[in-house]
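Right, one structure below, let's go through it.
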Amino acid sequence: MSLLRFIPELPLLRRELTELSARKRTYVIRFFGAILLLGWVVSVMHNIIQSTVGGIAGFPAAQRAQAMLGMGGQVIQSIVPSLFHCVQILMPAIVCGSIAMEKERNTLGTLFVTRLSPLTIVLEKFGSRLIPMFTFLLLTFPLLAFTYSLGGVDKQFVFTAAWLLILECMCYAAVGLLCSAWFGTTVSAFIGSYVACGVFVIITQVIRFRFFSPFCIWELVFSRFQEVHGPMVAWKDTVADYAALDPEWGLLTGCLWLSVPSLLFVAGCLGLTRVLLFRRAFVGQSSFILRLFRRIDKFFNDLNNRTTGGVVLLQDKESLPAFDPVAWRERTKKSLGKARYLIRILVLLEGPVLFLCLLSITMTADSNTDGLRVLLGVVWGLALLVIMVKASTVVSAERSRETLDALLSTPISSSQLLREKVQGMRRMMVILATPILTVHLTLVVMYASVGGGFLGGAQSLNLILYFISATLATATLMHTVAWLSVLAGLRSTTQAKSVAFAVMLIGTWVFVSYVFLGPPYASPYARSSEYASAAMRDSAIFRCVFRHDGWICANEGLLSSFAGGHRYGYSMIWHYFDEDSGSAAFVVFVVALLHIGWLFGIRYLVLKLAPWLLNRRDESGSPEMYGRRLPHLADGTPVLPYTEFTADIQRYRG
Amino acid sequence: MNISSTTAAALKKHQDPSAKPLAICVRDLRVSYGKFDAVKGINLDIPEGEVFGFIGPNGAGKSSTFRVLATLQPKFRGMALVCGLDVLSQAQQVRDVMGFVPDFFGVYEDLTSLEYLHFFAAAYKLPVSRRKATIDDVLTLTDMTHKANSPVDGLSRGMKQRLALARVLLHDPKVLLLDEPSSGLDPRARIEMRELLKALREMGKTILISSHILSELSQLCTRIGIIELGQMVAQGSLNDIYRQLQLMRVVHIRVENPSDELYARVCSIPGVGEVEQQIDRWAIRLHEEETSIADLHQSLVDAKARLTMFQPEAMDMETAFMKLTEGKTA
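In the order they appear, the protein sequences are chains A and B. Here the first sequence is numbered in the working numbering, starting from 418 and rising by one per residue. Here the second sequence is numbered in the working numbering, starting from 35 and rising by one per residue.
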């Protein structure tokens, strides 16, 4: 009993964990998360075991089982990176709402008037988000136990990996908490967290201070092929020294030393969060981007007034909605809808992309497009993030601002409401598609100029076809993601939940694409005639149809005939089609049709489910049509015919 | 749907050509959220042009009933008609004849009042040619003309409620569903809101209004319904309810000559149900339909009671509410 006195009560941590345990969705998310995580881990294990034991497939079972012994270490080394990536993906999402949600509910002020110190609040919030992540990671324990039983597992490796995973959780949680304290809404904190974590990773990679990032420490210490630059040599030597001094625990001690900068980074983030907790406690909850644009507007207007005396060449037109009010509001009143704001975003995005594309054309020899592929991935990632957040919150934003009921009590049908919402996002999609298409255009130019001169005839036609197909693929994929995100956000009561659902839905699709469908191309190291077999070709087409990036993969086939397809993995799909441009165009056509079909199918599903998900009925007919009978008297006379009302409405509408 | 003979009789009354048709008709309405029953079999008959006050403690089921009538609650049992249109199978037509002001007012922070009204005019599919004139009319009616170009976000709560009323008047609905329109308003804004609602009543609108401010409803409503724990406790005109409650009106008296004999004489007065002897007074429970207050006074004098106090308990909406409800909340 006397010892219990020294254990702090931690009321906030207790409340957060109680809330978490009381929510049904905690268990649903954990269940599906566990299935995905375990599915991934099992597939990794399966691949390793297959590659090792597969060679003795004809041998007796006992002999095959024997061959698996001692493979535990190899399996664990393959699993651990997945766990790091899992933390990188989930942790910002878990943490971003911790303080921002208190601001949204106006409950942060009530915490301040209690005897909890700001640092206690920060630490308890920090702990309340770390514990669920740790419990999630614990789900892999049964598999790790199985792997351990295979033998060959290095104890140092397991403990070091566990420590670095904990450290990774702490780093990402600290960054997420900082963003949560800075931003006024969970959605802006969500975006901010991912951007901040991305910047943090890029910085640690670029400036080579890899010891800041626990995953990089793991890579540094364990990867045989890891390049070591500049100051890192000293660190690696330190680890090696420790390992030499103490063969059993030296590696772990070395990792602990390398972790000091990460721990300092966590402490710094938490300290800054403590400061921001008060300063940003009552920050406005209006759109961050809108406020930013208004400030920029004010700056440029003042500048214009001073320099030109207020000359305005293009004046904003103030319009009023005629027939599609919801789309009108999305287009003319939202920060991501107004033309002048979108032009600024375009300049911001397109400038660096254009620069890198021009650099790639002028500097890269022999049409090496690897850099452009990375750039394409980055602009696609950004576009998908923005579309997901925007589309998933179109309804939940109305719900959380308590404007949805007023809208739903008007005669606008649920499907019209959603159609107009997505229609209002099109301008934004065009802006986001521009850098993507710029990269595609650059690819076309680079492939067209292979061999020093531009190609002509049928080959040029193929490149044009590629660009058209890429444009259509971009539009289709963006709309598919938008409709799926709308679906994910229809039931959610808060914007944070809707974004989380959308991320889960799209993330699951991407994850399933990678894990269960695999790449739609053969390994460059496994090119052989058997890969060009009909079965493999069918498998490739199947994968292209169901993968999130299937159409983009199929498009690559159109490019690969111009410059060695082996340069880029996607283009390996080409080898399934006998390097025949005609069959590639046909495959692209089929995949395109099916992907467009997917889009319309998803759109139809969302519109069909919309009334149910919005908790509303859209029926408009006689009650009998829907199996309802209005009250009637014994003689069969309807009690309240009221047909004159319908006639009134018709007259009123002219 | 088969209906009981009582309901049929009640409805048949409204089949009478001379009687006003029902603008709202609710039969055995039941709304449940999981295992919790929010509304447990409510019946409502509101003829055209009536202002019906819906009173009840928080969590009594008022807002659930409003949401059913506003076509925003598709899961319910029973029947709900607005202007004879079924809220389930004719939801779109119901939205044409009904205007709903919820108990909260969310704002589109990016719109001005005028843009807000144009937005909803388009949502209600008003003909473009008539839109400007209609918006001008509702702005004038709600005295919002001077705030037409003000951002909605910057309006006071009273102004926002007026704007909400202006919004639901755009399509000239027959029925208005107002869920606590005066909630959180300052006294001036409340009085202005009440005057506005009176003007709407004059225009012949059928209004179903809920409020916690009972005195306000008593000035505005032609009939009221008191709901508690999802059940209608009382329904009728104010006089009906008062009369119903006055069946056992309490009259406090103080006499100079209290005695057992006098007590027995008072108990034997026709209409007196019970006489409770308190420290300084007697509390008489009186059946008013048998004996009026004046007659009781006369009977007490005739019974040789030397009265120093004769105080019938005041009957008002608040008393009625307190008497009819037990203070239970969900």
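A virtual CB, placed ideally from N, CA and C, is assigned to each residue, including glycine.
Whole angstroms is fine: what's the gap from L680(A)'s alpha carbon to L673(A)'s?
As the crow flies, the alpha-carbon of L680(A) is around 10 Å from that of L673(A).
Contact criterion: CB-CB distance below 8 Å. Does E308(B) meet it with respect to chain A?
no
Measuring CB to CB, does L197(B) end up less than 8 Å from L189(B)?
yes
What is the rounded straight-line gap between the Cα of R64(B) and the Cα of L825(A)?
22 Å
For A919(A), count the other beta carbons within 10 Å of its own beta carbon; 16 or more makes it buried, fewer makes it exposed. Which is it?
buried
Using DSSP bridges, identify the partner residues of S66(B).
D71(B)
Which value, in whole angstroms, describes the spacing of the CA atoms of P91(B) and S245(B)?
If I take the Cα positions, the gap works out to 10 Å.
Which residue wins for smallest C-alpha separation from M237(B), given the options P221(B), S123(B), S252(B) and L210(B)?
L210(B)
Is the beta carbon of A606(A) closer than 8 Å to that of G514(A)?
yes
Apply the 10 Å Cβ neighbour rule to P55(B) and answer buried if 16 or more other Cβ atoms are within range, or exposed otherwise.
buried
Those runs of the beta strand (DSSP E) which lie wholly inside the segment 58-135 of chain B and span at least 3 residues:
70-81, 85-89, 111-116 and 132-135
Rounded C-beta distance between L430(A) and G609(A)? I'm assuming under 8 Å.
Rounded to whole angstroms, the Cβ separation of L430(A) and G609(A) is 24 Å, and the two are not in contact under 8 Å.
Among R691(A), I548(A), I506(A) and T557(A), nearest to V459(A) - alpha-carbon criterion
Comparing Cα-Cα distances from V459(A) to each of R691(A), I548(A), I506(A) and T557(A), the minimum goes to T557(A).
Identity of the residue in F529(A), A578(A) and I511(A) nearest R447(A) by Cα:
I511(A)
Is DSSP giving P207(B) helix, strand or coil here?
coil
Shorter than 8 Å from the beta carbon of N523(A) to some beta carbon of chain B?
no
Is it true that the segment 828-842 of chain A meets the segment 877-892 of chain A, where meeting means three or more beta-carbon pairs spaced less than 8 Å apart?
no
Flag R191(B) as yes if its beta-carbon sits less than 8 Å from any beta-carbon of chain A, otherwise no.
no
Specify the secondary structure class of G307(B) as computed by DSSP and reduced to three states.
Collapsing the DSSP output to three states places G307(B) in a strand.
Would you identify the three-state DSSP class for V812(A), choosing helix, strand or coil?
Three-state DSSP puts V812(A) in a helix.
With DSSP run on the structure shown, which of helix, strand or coil describes I243(B)?
strand
Are there 16 or more other CB atoms within 10 angstroms of the CB of G489(A), so buried, or fewer, so exposed?
buried
Taking all protein chains shown into account, do 16 or more other C-beta atoms lie within 10 angstroms of the C-beta of M780(A), making it buried, or fewer, making it exposed?
Exposed, by the Cβ-count rule.
Give, in chain order, every residue of the segment 733-749 of chain A whose Cβ lies closer than 8 Å to some Cβ of chain B.
Correct list: L737, P738, A739, F740, D741, P742, V743, W745 and R746.
To the nearest whole angstrom, what separates the beta carbons of V492(A) and L567(A), a pair I think is in contact under 8 Å?
7 Å
Quick check on T40(B) - is its C-beta less than 8 Å from some C-beta in chain A?
Confidence is the limiting factor: at T40(B) the pLDDT is only 47, short of 50, which leaves the residue's position unreliable and the question unanswerable from this model.
Mind listing which residues of the segment 148-165 of chain B have their C-beta closer than 7 Å to chain A's C-betas, in chain order?
E149, H152, F153, F154, A156, A157, Y158, K159, P161 and V162
Own chain, CB closer than 6 Å to T256(B), minus 5 neighbours either side, in chain order:
E84 and V85
Quick check on E229(B): does DSSP put it in helix, strand or coil?
helix
Just to make sure I have the definition right: I need the residues of chain B whose C-beta is within less than 7 Å of the C-beta of R1034(A). Which are they?
Those within 7 Å of R1034(A) in chain B are T105, P108, L122 and A125.
Can you tell me whether T564(A) is buried or exposed? The criterion is at least 16 other CB atoms within 10 Å of its CB, across all chains shown.
buried
Can you find a heavy atom of the ligand FAD that lies under 7 Å from the Cβ of H857(A)?
As for the ligand FAD, it is missing from this structure, which has no ligand bound.
Other residues of its chain near L766(A): CB distance less than 8 Å, five sequence neighbours each side excluded:
V796, L799, I848, L849, T851 and P852
Out of curiosity, what's the CA-to-CA distance linking R697(A) and F884(A)?
47 Å
With a threshold of 8 Å between beta carbons, is F134(B) in contact with chain A?
Yes - at least one Cβ of chain A is within 8 Å of the one on F134(B).
Secondary structure at E295(B), three-state DSSP: helix, strand or coil?
Helix.
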